Every structure is written in C-alpha cells, then in structure tokens.
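What follows is a set of notes on a single structure, which appears directly below.
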Amino acid sequence: MATIPTTASGIAAAIASKQISAREVIDSYLAQITARETDIHAFNLVTADAARAHADAIDADIAAGRPIGPLAGVPIAIKDNLCTHGIETTCSSKILEGWKPPYDATVVSRLRDAGAIMVGKTNLDEFAMGSSTENSAFGPTRNPLDTSRVPGGSSGGSAAAVAAGFAPVSLGSDTGGSIRQPAAMCGVVGVKPTYGLVSRYGLCAYASSLDQVGPFATTVADAALITEAIAGHDAMDSTSIPQPAPALVASVSQGVAGMRIGRVTDLPAGAEPEVIARLNEAFAALESAGATIVDITLPSLSYALTAYYLIAPAEASSNLARYDGVRYGLRVNAVDTNSMYGATRAAGFGDEVKRRIMLGTYALSAGYYDAYYGKALKVRRLIAEDFERAYAQVDVILTPTSPVVAFPFGDKVDDPMAMYLCDIYTIPTNLAGHPAMSVPFGTGAHGMPVGIQVLAPALGEAPMFRVGGALENAAGGVK
Amino acid sequence: MSPSGTPISAADVAKVARLARLDIDEANVAHFTEQLAKVMGHFSDIDALDLSGVGPMTQPFPLVNVLREDVEQPCLDTDEVLAAAPSSDQRRFRVPPIIGLDD
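Same order as they appear, the protein sequences are chains L and X. Residues 7 to 485 (the numbering used here) are what the first sequence spells out, left to right. Residues 5 to 107 (the numbering used here) are what the second sequence spells out, left to right.
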C-alpha cells in the first residue's frame, strides 16, 4: 500500500492519479480515529460507515472513468453546528440532542459536490459560545499535543481533529475567534474568511452579523484550497457577497516582497512574553523575506472586547429564541406553552449559553438599550474606522492570535471574564467583518504552540494567504 | 459600575431570565448575578469614549434587500420536518395550551 499523503491537496492528487484509492485513505484516517479518539474526544459523531460508502462510490467513479470532484476522497471533519441532512446535528447542546436536520448547510453540500468525505461531526462549546470547548454538553475535547490542556474553542473539536490526524482538514465557525484561537492552541492553520464570502446557510446562528464558516488545515495551501471550495455567492444567504469564489491557492507561494505589514504599537496588553517573542520573530522573518514593517495604531482596539460581549450576546438572545421546544429538539412538557418554554430552555441550555442569553436580553431591554447595545454598536464603528485608517498604510496587520497558549482544564471555566480575554486579539476582525488567519509559529510556555494572526481588509484573502505562506516557510526556523 | 451607572442586581437577573423564558431558581439567580456583574463591570471601559457623532454599525457591510424571481422552488419535506418535532398532530406542530390553565 502506498503511503497516505498528509495534506488534502496531496490526497486529492494521489487519488485522482490512481496511486491510492479513496477507500485506503479513509480507512487510514478512521484507524487513526479508532486509535486516539477515546483520549481526545474531537467528535460528537463519527460517520465511519457513510464515509466508507462514499469512498467506495468515488473509487467506483474513478474505475468507470466518470468525472470526480477536485477534493475527491479528501476526508474532512465538520463542526457540529453545521447542518447535515439526516445526520445528527447538536451544537453540543442538550436542547438539540438527537436532531436530524432536514437539509444540508451550503458549505456541506459544496464540499460533498467537490468529492470531500465527511468523517464526523466535531465537538464545540455549546452553540459556539466559549474559548476552550469545556462548555460542550457532551464533555470537553482534549488538546492532542497535551491532553491535560484545552484545545481552545469554540471549534476545539475541529482543531483537535486536524492536529490529531483524524482528518487532513476540517470546518469550523468563527464569531469572535472560534477558528483562529483553537487553531493557534492546537498548532494548526485556521482561517476566518471575510463576512459574506462563505455562506452561513445551515450554520446554526449564534451572532448573525459576526458568524463566518472557515477551514482548519495542517498547511496554509490546504486552508486556501478549502476556502476556495466553500466560498462564493449563495442565494440562500442574504448577506452572501454576490461574487464567485476567489482563486487563493496560488497566493500562498507568491512571497511577501514589497508588501507592507502593520505592527500595532498600541496592541492591548496581556500576551505571554513568549507569544510576544514569537510575534517579533515573525516580523523579522517577513522583513528578511522582503516585506516592509510599518508601525500603526488602532486606538479603539482595547474596547473591542466590550463591544463584542454586548453585540454577540444581544444577537444570540434573539437567535436562540428559536429553541423553544416546539419545532425540534428537547421539550419539557408543562401545562401551558409559557411554562413549557421556560422549563425546556432551563433544562436544555448550559450555563454559558444562559449567561449570554441573559446578558444579551439585558443589553437590549427597555432602559438599557442605549447604554449597552447602542453604545457597543458605536464602538464597533470606531474599530472599523481604525482598521480603515490602518489599511491606507499597510496591506495586512500581524498580531498574536491568542494572548496565551493552551491552558489546563478548569483554569478559567468559572471566571467568564478571564475566558473572554482569550479572544482579545481575534474579536476586532469579526466586528469589522474582515478576514484573518492563524498560522502556527513556534512554541511558547510549556512547549505549547503559538499562533500568529494575519489580518487583512475586506476581501483581502489573497494578501492574507501570501503572508500566511511566508510565515509557514519561516516557522521551520523558530523555536 | 456599568455604563448605565448601576450594577446589575438579582432582581434584574430574575427579570431578564423571565423575559428570555429561562426558568432559574433563586440559588442560580445569585450565582449568575455575581458572574454577570463582574462581566458588566468590565464594560464600563467604553464610558471613557466620546461617541457623540458616531453612527451605530449593525452589520459589517450595508444590507440590501435580496429578492428572487417569484417562481416555485423545492422546499423542505413536511413529513421530515414534523418527524423532528417533539409533538405533531394533523400535519402541524402540537403545543400545550397557549392560555395557561391557571390564568
């Protein structure tokens, strides 16, 4: 049997050229899941039988000379807040346990059309609310690099699945850093595309003006490949940008000669010293690759956390009103509908979801709307204007992804504010609607990986991937 | 202190829980009040900003009405949708009485 390539592009090429069968690839990844999933708990559901059947169908297509998709035979793990037709989708919440959606998310159907094979649905913080995957109703995911530590969150299962070799690529969703932060903590690549570049149809909504679907991968080129496959206009999402998917893979190897990279001189404090050391090494590496480092200021950045933790819960309080025990999921029976709603939601939602629903309801309630939600929306504008001024001077901006490396379980779970501070560098991008990615760049405290974040203006995926590719090249040389 | 000038109270938490249709017992009201007060305490940082003349930003990009041609499209299968419901009857979602028996 030929060696199984470790990248999505390598797998697709080997299968298309008949060096290896789709079935051999899927069996190899399923064997890795069998070997380590008990320790990691990346998945809420492993769809092994369906994955083998899909692989066999691809092999039959190849044998018969029928056309195959560009990702034919590539195993992929899907975050369990993306709807999969007839396959349980839980958002890691008891309120949706057992729910089988009557339709596929657009990203799921696009990947299937491209020939990718779903291996399972990955664990997350309940309804994507969290930064450690400890808020899952079905138990936490463990970091494959050190199982005493969290994988980050909320897409911790998708990050861990790629880091553990359960799939070469996966999908997550990113509302305030939920792709980039776990990517950084698990030592893989994670991308949050421009708001509207990837369809949100079939993504269980958390905060609709911030949510975006994106990939995890072991290489920057694979992340670009999956972004290409899921991007592009979708009539089922009214915020979908009416443009075809951009070509991005070629950008990865273009280099950074002549590019202007922003260094934020007033970056909010709080990052571990090793994280700042890796960031400085990243600037040096890009400079020696031909880029120019330009100092910029983003004076409103430190207020992003407050704006986010008012806006996202406000939107969540409205979005999660749909989980009421009427049309799907859990119902706790009661004498009338009002009692049924209250009892169902109390039994079905975990504490963090309840906190955010209450926070959002409070921020939107009569007498407090102007003081909280209204103010937060104005701060959001200031942050977007800060970025606009900065991008007049630079092509991309470099910051840490997470201020801290992966932390031990239980460290922050009872202190919501400490947990929220993990998102301080990732949140501003979501508020502005811009793309950003995390690229592994050496290690920090306890030998855990550090991620460097590349931020770009709206639809700036091409320059973002150029810098991502250069960082990946340079990362081999750092500690 | 919060931007509104007063910290969130247990009565506020009990009220928003009711508004949000979340049954929460007294012990949990106290627990959530403490946690939410700490989070909202952090939010006073934006009081330092001069926001006069700044317009609210609700979306990353301006929203536009999206319309399609008024032609029939396939839609979700009714039986499949109802099969996922906790209770259904005569091809409809079934719920307990809307007017409470006590009211």
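Virtual Cβ for every residue (Gly too), placed ideally from N, Cα, C. Note that the structure is predicted; figures quoted are calculated from it, not measured.
Asked	Found
Determine the direct distance from the alpha carbon of L/L465 to that of L/V402, and round the result to whole angstroms.	12 angstroms
List, in order along the chain, the chain L residues whose C-beta lies closer than 8 angstroms to that of X/S91?	R337
On a Cα-Cα basis, can you pick out the residue from L/Y431, L/V385 and L/I101 that is closest to L/G335?	L/I101
Could you work out which residues of chain X lie near L/P463, taking near to mean beta carbons separated by less than 9 angstroms?	Going along chain X, no residue has its Cβ under 9 angstroms from L/P463, so there is no contact; the nearest lies around 11 angstroms.
Of all the options L/D228, L/N141, L/A480 and L/E234, which has the alpha carbon lying nearest to the alpha carbon of L/D420?	L/N141
Check whether the segment 424-438 of chain L and the segment 226-237 of chain L touch, using three or more Cβ-Cβ pairs below 8 angstroms as the test.	no
Spell out whether any CB of chain L is found under 8 angstroms from the CB atom of X/V43.	yes
Mind pulling the chain X residues with CB within less than 9 angstroms of L/M425?	Chain X residues near L/M425: none, gap ~10 angstroms exceeds 9 angstroms.
Between the segment 75-91 of chain L and chain X, which residues of the former have a C-beta closer than 7 angstroms to a C-beta of the latter?	none
Applying a beta-carbon distance threshold of less than 9 angstroms, which residues of chain X neighbour L/L130?	By Cβ distance, chain X contributes nothing, its closest Cβ being about 21 angstroms from L/L130, past 9 angstroms.
Taking only three categories from DSSP, how would you classify L/F355?	coil
Can you tell me whether L/Q459 is helix, strand or coil according to DSSP?	strand
Which residue comes first and which comes last in the beta strand (DSSP E) that contains L/V270?	R266 to V270
Does X/A34 get closer than 8 angstroms to chain L when you measure Cβ to Cβ?	no
Can you check DSSP and say which residues form a bridge with L/N286?	Paired residues: none, contrary to the question.
Roughly how many whole angstroms lie between the Cα atoms of L/R116 and L/L203?	14 angstroms
Does the segment 363-380 of chain L come close enough to the segment 116-126 of chain L that 3 or more CB-CB pairs lie under 8 angstroms?	no
Going by C-alpha distance, which of X/V20, X/I12, X/D16 and X/D74 is nearest X/H46?	X/I12
Taking L/A427 as the reference, give the member of L/S137, L/E394 and L/P463 with the closest Cα.	Checking the sequence shown, residue 427 of chain L turns out to be Leu, not Ala. Considering only alpha carbons, the answer is L/S137.
Got a sec? Which residues, its chain only, sit under 6 angstroms from L/P150 by beta carbon, not counting five neighbours each side?	I46, A166, A169 and A170
Could you name the residues of the same chain whose beta carbon sits closer than 6 angstroms to that of L/A263, not counting the 5 residues immediately before and after it, in chain order?	G296
Which whole-angstrom value is the C-beta distance of L/A206 and L/D243, which I expect to be below 8 angstroms?	Before going further, note that residue 206 of chain L is Arg rather than Ala in the sequence given. At roughly 5 angstroms, the Cβ-Cβ gap stays under 8 angstroms, so L/R206 and L/D243 are in contact.
For the structure I just gave you, are there three or more beta carbon pairs, one from the segment 243-257 of chain L and one from the segment 467-474 of chain L, closer than 8 angstroms?	yes
Taking CB distances under 8 angstroms as the criterion, tell me whether X/P101 reaches chain L.	yes
For X/D107, which residues in the same chain have their Cβ closer than 7 angstroms to its Cβ, ignoring the five residues on either side in sequence?	Summary for X/D107: the model assigns pLDDT 48, below 50, so the residue's position carries little reliability; its value from the coordinates is reported in the next sentence. Excluding residues within five positions, none has a Cβ falling inside 7 angstroms.
Ordered along the chain, which non-local residues of its own chain (more than five positions away) have a Cβ less than 7 angstroms from that of L/A308?	It should be pointed out that residue 308 of chain L corresponds to Ser in this sequence rather than to Ala. Excluding positions up to five away in sequence, the list reads P274.
If you measure beta-carbon to beta-carbon, which residues of the segment 312-330 of chain L are closer than 9 angstroms to chain X?	T312, A313, Y315, L316, I317, S323, L326, A327 and D330
Check the DSSP bridge columns for L/I299 and list the partner residues they point to.	L/I267
Along chain X, in chain order, which residues have C-beta atoms closer than 9 angstroms to that of L/I101?	Neighbours of L/I101 on chain X: none; closest Cβ ~11 angstroms, over 9 angstroms.
Can you give me the Cβ contacts of X/P7 inside the same chain, cut-off strictly under 8 angstroms, excluding the 5 residues immediately before and after it?	For X/P7, the predicted model reports a pLDDT of 49, less than 50, meaning its position is unreliable and no value from the coordinates is stated.
Looking only at DSSP bridge pairs, what is L/G82 linked to?	The sequence given here has Ile at residue 82 of chain L, not Gly. Paired residue(s): L/M124 and L/V175.
Taking 8 angstroms as the threshold (C-beta atoms), are X/A89 and L/R333 in contact?	yes
So the alpha helix (DSSP H) L/F393 belongs to, where does it begin and stop?	K381 to A396
For L/G159 and X/Q94, I'd like the C-alpha separation in whole angstroms.	42 angstroms
Show which residues of chain X have a CB atom less than 8 angstroms away from the CB atom of L/M242.	The contacting residues do not exist; L/M242 stays about 10 angstroms from chain X at best.
Report yes if the CB atom of L/L304 is closer than 8 angstroms to the CB atom of L/D342, and no otherwise.	no
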